[in-house]
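Heads up: the protein sequence lines correspond to chains A and B, in order. Counting from 1, position 128 in the first sequence corresponds to residue 127 in numbering that gives the first Met the number 0; the numbering is continuous, with no gaps. Counting from 1, position 119 in the second sequence corresponds to residue 118 in numbering that gives the first Met the number 0; the numbering is continuous, with no gaps. Idealized CB from N, CA, C, for every residue including glycine. Values in this document were obtained by computation on a predicted structure and should not be read as measured data. One structure is given below, encoded as structure tokens.
2 protein chains.
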Amino acid sequence: MTEKSDSVGIVEACDFVFGLTEDDYLPLDCGRKLGSVNIRYETYGKLDDNASNAVLLLHALSGDAHAAGYYSADDKKPGWWDEMVGPGKAFDTNRYFIVCSNVIGGCSGSTGPGSINPATGKAYGMDFPVITIADMVRAQYRLMRHLKIDQWLAVAGGSMGGMQALQWAVSYPDAVKGVIAIATSSKISPQSIAFNWVGREAIKNDPNWNNGDYGANVPRQGLSTARMLAHITYLSDESMLNKFGRSLQKSDKYSFDFDYDFAVESYLQYQGARFVDRFDANSYLYITRAIDYFDLSDEHGSLSGTFRHMKSDFMVISFSSDWLFPPYQSEHIVKALVENGINVTSCTLESSYGHDAFLLEVDALSRMTGDFLRNLQAGGNGQ
Amino acid sequence: MTEKSDSVGIVEACDFVFGLTEDDYLPLDCGRKLGSVNIRYETYGKLDDNASNAVLLLHALSGDAHAAGYYSADDKKPGWWDEMVGPGKAFDTNRYFIVCSNVIGGCSGSTGPGSINPATGKAYGMDFPVITIADMVRAQYRLMRHLKIDQWLAVAGGSMGGMQALQWAVSYPDAVKGVIAIATSSKISPQSIAFNWVGREAIKNDPNWNNGDYGANVPRQGLSTARMLAHITYLSDESMLNKFGRSLQKSDKYSFDFDYDFAVESYLQYQGARFVDRFDANSYLYITRAIDYFDLSDEHGSLSGTFRHMKSDFMVISFSSDWLFPPYQSEHIVKALVENGINVTSCTLESSYGHDAFLLEVDALSRMTGDFLRNLQAGGNGQ
Chain A
0 MTEKSDSVGI
10 VEACDFVFGL
20 TEDDYLPLDC
30 GRKLGSVNIR
40 YETYGKLDDN
50 ASNAVLLLHA
60 LSGDAHAAGY
70 YSADDKKPGW
80 WDEMVGPGKA
90 FDTNRYFIVC
100 SNVIGGCSGS
110 TGPGSINPAT
120 GKAYGMDFPV
130 ITIADMVRAQ
140 YRLMRHLKID
150 QWLAVAGGSM
160 GGMQALQWAV
170 SYPDAVKGVI
180 AIATSSKISP
190 QSIAFNWVGR
200 EAIKNDPNWN
210 NGDYGANVPR
220 QGLSTARMLA
230 HITYLSDESM
240 LNKFGRSLQK
250 SDKYSFDFDY
260 DFAVESYLQY
270 QGARFVDRFD
280 ANSYLYITRA
290 IDYFDLSDEH
300 GSLSGTFRHM
310 KSDFMVISFS
320 SDWLFPPYQS
330 EHIVKALVEN
340 GINVTSCTLE
350 SSYGHDAFLL
360 EVDALSRMTG
370 DFLRNLQAGG
380 NGQ
Chain B
0 MTEKSDSVGI
10 VEACDFVFGL
20 TEDDYLPLDC
30 GRKLGSVNIR
40 YETYGKLDDN
50 ASNAVLLLHA
60 LSGDAHAAGY
70 YSADDKKPGW
80 WDEMVGPGKA
90 FDTNRYFIVC
100 SNVIGGCSGS
110 TGPGSINPAT
120 GKAYGMDFPV
130 ITIADMVRAQ
140 YRLMRHLKID
150 QWLAVAGGSM
160 GGMQALQWAV
170 SYPDAVKGVI
180 AIATSSKISP
190 QSIAFNWVGR
200 EAIKNDPNWN
210 NGDYGANVPR
220 QGLSTARMLA
230 HITYLSDESM
240 LNKFGRSLQK
250 SDKYSFDFDY
260 DFAVESYLQY
270 QGARFVDRFD
280 ANSYLYITRA
290 IDYFDLSDEH
300 GSLSGTFRHM
310 KSDFMVISFS
320 SDWLFPPYQS
330 EHIVKALVEN
340 GINVTSCTLE
350 SSYGHDAFLL
360 EVDALSRMTG
370 DFLRNLQAGG
380 NGQ
């Protein structure tokens, strides 16, 4: 941990357990119910007396509850949105009570396919129910009630986190004052569904996967390949040209073999290997499936219909070079909001970073989200 | 076979063998030499008396020597560019003598990793030398001499076929009157190198791959996954939206499982399975590596320097929605040609088909290539 006045400092993860009796089980979109649910979460800042300053941060595919701060004095790696969360930062912990929880289906503390199935005493594996973005939000609602919060000042997230933010406003219109949806979509395109499919195929083809029942003998190669593929979609053609070009890694001449030769190949291999050390293959299957299935226009025929009874103010941000969640998908969201007379601030930020921009374009995001939150707290809307 | 007056009809593949003695071996860029080389090829039309009407077609990654016509009376599937090759078509077999050969490293008749290594009596597997685009062209040059042709009226191809066409003009400037380079690049971007890497990882992770020594027990799953991934890059976001949208395959409701559910998933699965029946996994490794290594600016510091001594006329065509070989890469080629005062006709055709447009936009391609070839034959350039 670096001593910094704008850090939330050393933080601790908490656990909230519910669903220990059948009447408290979590109903899921697939028709099944989930019992014995643990939600891993972290909080930063203080909830004010009338519980009006709470902000929920929602993480992306491979994120977790650790949005900010450090776990110990010698911890070198802060939370995933540390540049945005802290005293004086956009999610200002001097003003707001920040909550971030790991999604159900995940592998970083909340109940997921790697958790023990109380019915069998063994890990769920592929017996874990297929969950949706709405299911994730349903579980977060239980956490909200547990924390004695009636309404979030804002819910905010990028990528799959943005999907959850949108879903919050649809599922619980009274519980959300403002929505910050970054680099996200109301439904992903068939191209993205196809990439997710290929990533899952890579995992399922790994003999170690063993139909999801792998114990300690994890499908490293399959998960690594899935991650490498996904990683390409998080960058852009331009950012890869800038970062790697056609540079070679080991020599100035081609090695004429099939080991990594180009710098970009070495980088991918490193990213894949690093991911396997921190993420669970079955969770990867479940969470990508939840992303595939997310379609806000499903229930009401159109996105505009879905947004009809929403009460939140919105901020919708996309990035010019993001081809995984392209700006046109954000524009669809904005159009449907405007059709319903909902307050919306929107912007497509110029960036060469592709989808990863939602984690990298900190300055622009900080200004926009900081203003939006202060306006919400002042009682106005985000415009 | 459909009886059509514009078909070349029933065709036969031929084999040309060279390199049976050491002085005739094919020298390769990697420093090794290849002996006992077979080139599988087909010809359509007739070579004229002064051998001035020969056109060489160059295939893409998964193509072969069978560019046009049928193998039998009940053959339903014509060659891969049949719509472009035949009497009265762009590559008019009434006017031109058309040649198409399978690349070395391939798996459709020409010598590749699946061929028998004369030194061991067993299949080369991964003992096959890493070959380059220039090596492929070097082998085609031997075929040209065998066919008693001194100069091609034109060399033409899309994607990797376009790379070979460019390489022909660089390696053998006197042997090429015109170059037709479609949907191609003088060097692929790190994004494409990265996709090739992930595809190869999928193959190498398949336990059946066995370091390339798989006999009949082929790495189906790995090759299928590699093909599915590549297939996404051949389409475009727009064409996938048009073709599949988010349609489901089996029901109007989500199946909440990990089998194929979306139409696009079912399509990919089908494409993957079909590919494995006709293509060799080791060839996939070798040919994608050749594509990675292709860089026309390598030897002379810049593309313009490489093009300095070229004598051919050029036609360079790209497609607006092609993100695998984006229009800007064709523009780089055109710029370097113009800098050398070389005659070049170029166009970015509007198309939603992505990279696949080079096989699908037949009308526009036929007009442009037909005109270019007739001008070449008339002695002028393609402009």
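Secondary structure of residue i, DSSP reduced to three states
| i | result |
| --- | --- |
| Gly378(B) | coil |
| Trp167(B) | helix |
| Leu323(A) | coil |
| Arg39(B) | strand |
| Lys186(B) | strand |
| Lys409(A) | Residue numbering for chain A in the displayed model covers 0 to 382; residue 409(A) lies beyond these limits and cannot be assessed. |
| Gly304(A) | helix |
| Lys249(A) | coil |
| Phe15(B) | strand |
| Gly204(A) | Checking the displayed sequence, the identity of residue 204(A) turns out to be Asn instead of Gly. In the structure shown, Asn204(A) sits in a helix (DSSP, three-state: H, G or I). |
| Asp48(A) | coil |
| Ala215(A) | coil |
| Pro26(A) | strand |
| Met314(B) | strand |
| Leu234(B) | coil |
| Val263(B) | helix |
| Asp91(A) | strand |
| Asn116(B) | strand |
Beta carbon of residue i nearer than 8 Å to that of residue j
| i | j | result |
| --- | --- | --- |
| Ser365(A) | Lys32(A) | no |
| Tyr285(B) | Ile202(B) | no |
| Asp152(B) | Leu372(B) | Looking at the sequence itself, residue 152(B) is Leu, so the reference to Asp does not match. The answer is yes: Cβ separation under 8 Å. |
| Phe261(B) | Leu247(B) | yes |
| Ser35(A) | Gly8(A) | no |
| Val10(A) | Gly68(A) | yes |
| Ala168(A) | Phe318(A) | no |
| Val263(B) | Met227(B) | no |
| Thr368(A) | Ala155(A) | yes |
| Leu142(B) | Ile290(B) | no |
Residue interval of the alpha helix (DSSP H) (run including residue i)
| i | result |
| --- | --- |
| Asp291(B) | Ala280 to Tyr292 |
| Asp134(B) | Ile132 to His145 |
| Leu295(B) | Where Leu295(B) is concerned, there is no enclosing alpha helix (DSSP H), given that its DSSP letter is neither H nor E. |
| Ala356(A) | Ala356 to Leu359 |
Residue i: contacting residues in chain C (beta-carbon distance under 8 Å)
| i | result |
| --- | --- |
| Met239(B) | The structure shown contains no chain C; its protein chains are A and B. |
Between the CA atoms of residue j and residue i - distance to the nearest angstrom
| i | j | result |
| --- | --- | --- |
| Val315(A) | Val16(A) | 33 Å |
| Gly198(A) | Leu222(A) | 8 Å |
| Asn210(A) | Asp91(B) | 54 Å |
| Asp383(B) | Asp28(B) | Given a span of 0 to 382 for chain B in the structure shown, any question on residue 383(B) remains unanswerable. |
| Asp312(B) | Val102(A) | 60 Å |
| Asn116(B) | Leu55(B) | 28 Å |
| Ile38(A) | Gly157(A) | 20 Å |
| Leu295(B) | Gly62(B) | 22 Å |
| Glu349(B) | Lys310(A) | 43 Å |
| Gly244(B) | Ser191(B) | 25 Å |
| Asp236(B) | Ser188(A) | 7 Å |
| Ala138(A) | Ser170(A) | 12 Å |
| Thr119(A) | Trp208(A) | 20 Å |
| Lys121(A) | Ser114(A) | 8 Å |
| Ser51(A) | Gln150(A) | 7 Å |
| Asn380(B) | Ile341(B) | Here the model assigns Asn380(B) a pLDDT of 43, short of 50, so the residue's position is not dependable, and the following value carries that caveat. Each residue's alpha carbon lies about 10 Å from the other. |
| Thr224(B) | His299(A) | 36 Å |
| Tyr292(B) | Trp80(B) | 26 Å |
| Glu41(B) | Ser107(B) | 12 Å |
| His331(A) | Arg307(A) | 15 Å |
Residue i, enclosing beta strand (DSSP E) - first and last residue
| i | result |
| --- | --- |
| Ile97(B) | Phe96 to Ser100 |
| Leu348(A) | Val343 to Leu348 |
| Leu57(A) | Ala53 to Leu57 |
| Ala153(B) | Trp151 to Gly157 |
| Gly62(A) | Counting along the chain, Gly62(A) falls outside any beta strand (DSSP E), and DSSP gives it neither H nor E. |
| Gly8(B) | No beta strand (DSSP E) contains Gly8(B), which DSSP labels as neither H nor E. |
Any non-hydrogen atom of the ligand ADP closer than 7 Å to residue i Cβ
| i | result |
| --- | --- |
| Pro218(A) | For the structure depicted, the ligand ADP is absent and the ligand set is empty, with no information on it obtainable. |
Touching or not, the segment 119-134 of chain A and the segment 73-88 of chain A, by the rule of three or more beta carbon pairs under 8 Å? Output reads no: the segment 73-88 of chain A does not touch the segment 119-134 of chain A.
For the 8 Å Cβ check, are there 3 or more pairs between the segment 153-169 of chain B and the segment 231-238 of chain A? Too few Cβ pairs lie closer than 8 Å, so no.
So does the segment 346-354 of chain A actually touch the segment 139-152 of chain A, counting three or more Cβ pairs closer than 8 Å? no
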